[in-house]
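For reference, the structure is listed below as C-alpha cells.
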Amino acid sequence: MNYLHLSDDELIENFKSASPWFVGLYMETFLNNLSFLSNRQSKNEFTYDIHRYDPILIDESILDIYNRVESLLKIIKGNRVLDALKMVLEYDTDTIYDIYAREEAIYLLSLIKNGNIILPELN
158 MNYLHLSDDE
168 LIENFKSASP
178 WFVGLYMETF
188 LNNLSFLSNR
198 QSKNEFTYDI
208 HRYDPILIDE
218 SILDIYNRVE
228 SLLKIIKGNR
238 VLDALKMVLE
248 YDTDTIYDIY
258 AREEAIYLLS
268 LIKNGNIILP
278 ELN
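In terms of the working numbering, the sequence shown has 195 at position 38, counting the first letter as 1, and numbering is strictly consecutive.
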C-alpha cells in the first residue's frame, strides 16, 4: 500500500468526514482487509454491504458511505491509525454509537500494542 502524507489538519478533516464512531467501529475491519479494500471493485462491494447491513447507515446515501470509506482509508494510508484511535477516545459524546466506538478503539489499541494486529507497512 502506498503512503499518503496526511497533515494534522488533513487527519482532522478525514476523521470528521468518516465520523468518530465509524473510525472506531470500522478501523479493525479495514486493517484486517486492506488488500481486499485496495481493489476498487471489492471496495465498492464492501461499501454497498455496509449500506445494506449497518443499521446506522441504512438511510445514508451510498456516496456518503463511500466518502466515509475513503476517509478512513486515507487515515490508514497516512499512517495515522494510532492518532485517529486516540481521537476516538478523546471525542466527547455519549451517544451509544460513540460509546461503542470508544470501547472498540480501546480494544484495538490493545491488540496493536500486543502485536495481534500489525499496522500496514507503507511505501
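Even for Gly, the Cβ is constructed at its ideal location relative to N, Cα and C.
- Here the C-alpha atom of G272 lies approximately 10 Å from the C-alpha atom of L265.
- The Cβ neighbour count for F179, taken over all protein chains shown within 10 Å, is at least 16; the residue is labelled buried.
- Contact between S174 and R225 holds: CB atoms are separated by about 7 Å, below the 8 Å threshold.
- Between L242 and M184 a beta carbon distance of about 7 Å is seen, short of the 8 Å cut, so the two are scored as contacting.
- The DSSP-derived three-state label of R237 is coil.
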